[in-house]
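*Asks:* Read top to bottom, the protein sequences are chains V and B. The numbers in the numbering used here rise by one with no breaks, and the one at position 29 of the first sequence is 29. The numbers in the numbering used here rise by one with no breaks, and the one at position 54 of the second sequence is 54. Backbone N, C-alpha and C define an ideal beta-carbon position, used for all residues, glycine too. Note that the structure is a prediction, hence the values are computed from the model and not measured. Just passing along the structure, written as structure tokens.
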Amino acid sequence: AQKITQTQPGMFVQEKEAVTLDCTYDTSDPSYGLFWYKQPSSGEMIFLIYQGSYDQQNATEGRYSLNFQKARKSANLVISASQLGDSAMYFCAMREQAGTALIFGKGTTLSVSS
Amino acid sequence: GAGVSQTPSNKVTEKGKYVELRCDPISGHTALYWYRQSLGQGPEFLIYFQGTGAADDSGLPNDRFFAVRPEGSVSTLKIQRTERGDSAVYLCASSPSQDNEQFFGPGTRLTVL
Chain V
1 AQKITQTQPG
11 MFVQEKEAVT
21 LDCTYDTSDP
31 SYGLFWYKQP
41 SSGEMIFLIY
51 QGSYDQQNAT
61 EGRYSLNFQK
71 ARKSANLVIS
81 ASQLGDSAMY
91 FCAMREQAGT
101 ALIFGKGTTL
111 SVSS
Chain B
1 GAGVSQTPSN
11 KVTEKGKYVE
21 LRCDPISGHT
31 ALYWYRQSLG
41 QGPEFLIYFQ
51 GTGAADDSGL
61 PNDRFFAVRP
71 EGSVSTLKIQ
81 RTERGDSAVY
91 LCASSPSQDN
101 EQFFGPGTRL
111 TVL
């Protein structure tokens with residue numbers, strides 16, 4: 001079974017609108033961390049936001065927020081007020097309690113138009 | 001400050017050849033990771049170093065792959081007898097410790113002809 005599932009291969013949004021990128025995960029560890037990374041066409045992975053499994057509040061970083069629903073095992077990324085520069089591939093990732101590596105989903109391509 | 005750097009940015013080689021890929025982590029970061037990203041996929045873990053030692057090499061696909069970090073800073077990923085299926089982008093990441101977010105380099109695009 002896949003540990004991280006991103007069901008949206010591509011998403012399209014207009015500038016200044018909000019967009020939600022979906023991510024569900026599968027783990028039996030009680031302690032884990034969830035990450036979102038952005039990968040522009042240049043190729044490097046840019047860290048966006050982190051949510052710990054025991055965090056009581058949803059993480060926020062500027063225009064990025066993470067809609068964490070633990071019972072549903074979902075960790076959706078919400079980008080508010082989209083900008084043209086947000087066009088990129090977005091990856092959801094998880095690090096389990098006993099692990100050190102990040103486990104990535106297949107990614108979602110976001111295209112922002114003017 | 002300087003981020004993670006990787007050299008070369010592109011490497012084209014022939015099947016059966018040996019290649020080395022280099023990673024310079026952020027200064028002071030003790031944890032270093034190697035990932036491989038195939039086209040249209042997310043990165044897949046290869047190996048993790050804490051200091052000089054390989055703390056977890058469970059992601060290495062076979063014994064043709066090997067990595068070192070002799071002084072706890074720069075790391076080299078070595079691939080022997082390359083195969084066409086090794087073609088991918090090899091990403092390096094570092095972090096202050098294993099519990100922090102990982103900072104990625106720009107990657108090395110390896111093409112095996």
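#1: If contacts are defined as beta-carbon pairs under 8 Å, then proline 25 (chain B) and serine 97 (chain B) qualify, I think. What distance do you get, rounded to the angstrom?
#2: If you follow the beta strand (DSSP E) that alanine 75 (chain V) is part of, which residue opens it and which one closes it?
#3: Phenylalanine 104 (chain V) and proline 43 (chain B) - do their beta-carbons sit closer together than 9 Å?
#4: What residue range is occupied by the uninterrupted beta strand (DSSP E) comprising isoleucine 49 (chain V)?
#5: Can you name the residues that DSSP bridges to alanine 31 (chain B)?
#6: Name the chain B residues that come within less than 8 Å of glycine 105 (chain V), Cβ to Cβ?
#7: Output needed for arginine 84 (chain B): all residues of its chain with C-beta closer than 7 Å, excluding positions within five of it in sequence on either side, in chain order.
#8: Nearest to threonine 24 (chain V) by CA position, among V:Cys92, V:Ala101, V:Ile49, is which residue?
#9: Excluding five sequence neighbours on each side, which residues of the same chain lie with their C-beta closer than 6 Å to the C-beta of tyrosine 48 (chain B)?
#10: For aspartate 56 (chain B) and chain V, any beta-carbon pair shorter than 9 Å?
#11: If you measure from the beta carbon of glutamate 44 (chain V) to each beta carbon in chain B, is any gap under 9 Å?
*Replies:* Straight from the coordinates:
#1: Going by Cβ atoms, the distance from proline 25 (chain B) to serine 97 (chain B) rounds to 13 Å, so no, they are not a contact pair.
#2: 74-79
#3: yes
#4: 46-52
#5: B:Gln50, B:Ser95
#6: Gly42
#7: Lys15, Val112
#8: V:Cys92
#9: Tyr33, Ala55, Asp56
#10: yes
#11: yes
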